[in-house]
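Shown next, in structure tokens, is the structure this report addresses.
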């Protein structure tokens with residue numbers, strides 16, 4: 002799982018929107034510690050960015 006933990010919040014959010022990882026719960030386990038250290042607003046901003054990138058194609 003260290004491969005996931007090393008990714009940025011933006012990359013992890015992209016993975017969820019694009020469903021590019023088979024086990025999304027595993028992605029969430031990598032996001033959760035980052036949320037604890039960087040804050041919920043950082044996670045929210047990452048997901049907003051991922052949503053915009055996903056919709057833009």
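Residue numbers (our numbering): 2 to 58. A virtual CB, placed ideally from N, CA and C, is assigned to each residue, including glycine.
DSSP-derived helix/strand/coil call for residue 19: coil
Does DSSP classify residue 8 as helix, strand or coil? coil
How close, in whole Å, do the beta carbons of residue 19 and residue 55 come, if the pair is a contact with beta carbons under 8 angstroms? 7 angstroms
Beta-carbon of residue 29 versus every beta-carbon of chain B: anything under 8 angstroms? Absent here is chain B; the protein component of the structure consists of one chain.
Counting C-beta neighbours from all protein chains within 10 Å, is the total for residue 13 16 or more, i.e. buried, or is it exposed? buried
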